[in-house]
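Q: Below are the structure tokens for one structure; questions will follow.
Numbering (our numbering), first residue to last: 46 to 110.
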């Protein structure tokens with residue numbers, strides 16, 4: 046089973062930072078952080094940032110705007 050854990054590490058501010066872990070069964074296959082996500086943009090954009098981070102090979106990604 047594929048599981049994506051996303052944890053807000055900035056106390057639910059309007060612009061938040063997140064840690065994420067991607068698991069397949071009991072094996073961790075990816076982890077990292079997303080910085081400066083605008084919560085009003087929603088969870089789908091947050092997941093998109095995680096996908097972008099993993100596809101470009103960066104552990105951490107910051108929103109530039």
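Positions of the beta carbon are idealized from the N, C-alpha and C atoms, including for glycine. Only a predicted model underlies this, so the values are computations on that prediction, with no experimental measurement involved.
Return the first residue and the last residue of the alpha helix (DSSP H) that residue 93 is part of.
A: From DSSP, the alpha helix (DSSP H) with residue 93 extends over 88-100.
Q: Can you tell me the Cβ-Cβ gap for residue 82 and residue 61, rounded? I've got them flagged as a contact below 8 Å.
A: 6 Å
Q: Going by beta carbon distance, what residues of the same chain come within less than 6 Å of residue 69, once the five residues before and after it are set aside?
A: 47
Q: Can you check whether the CB of residue 65 is closer than 8 Å to the CB of residue 72?
A: no
Q: Name the DSSP beta bridge partners of residue 61, please?
A: 82
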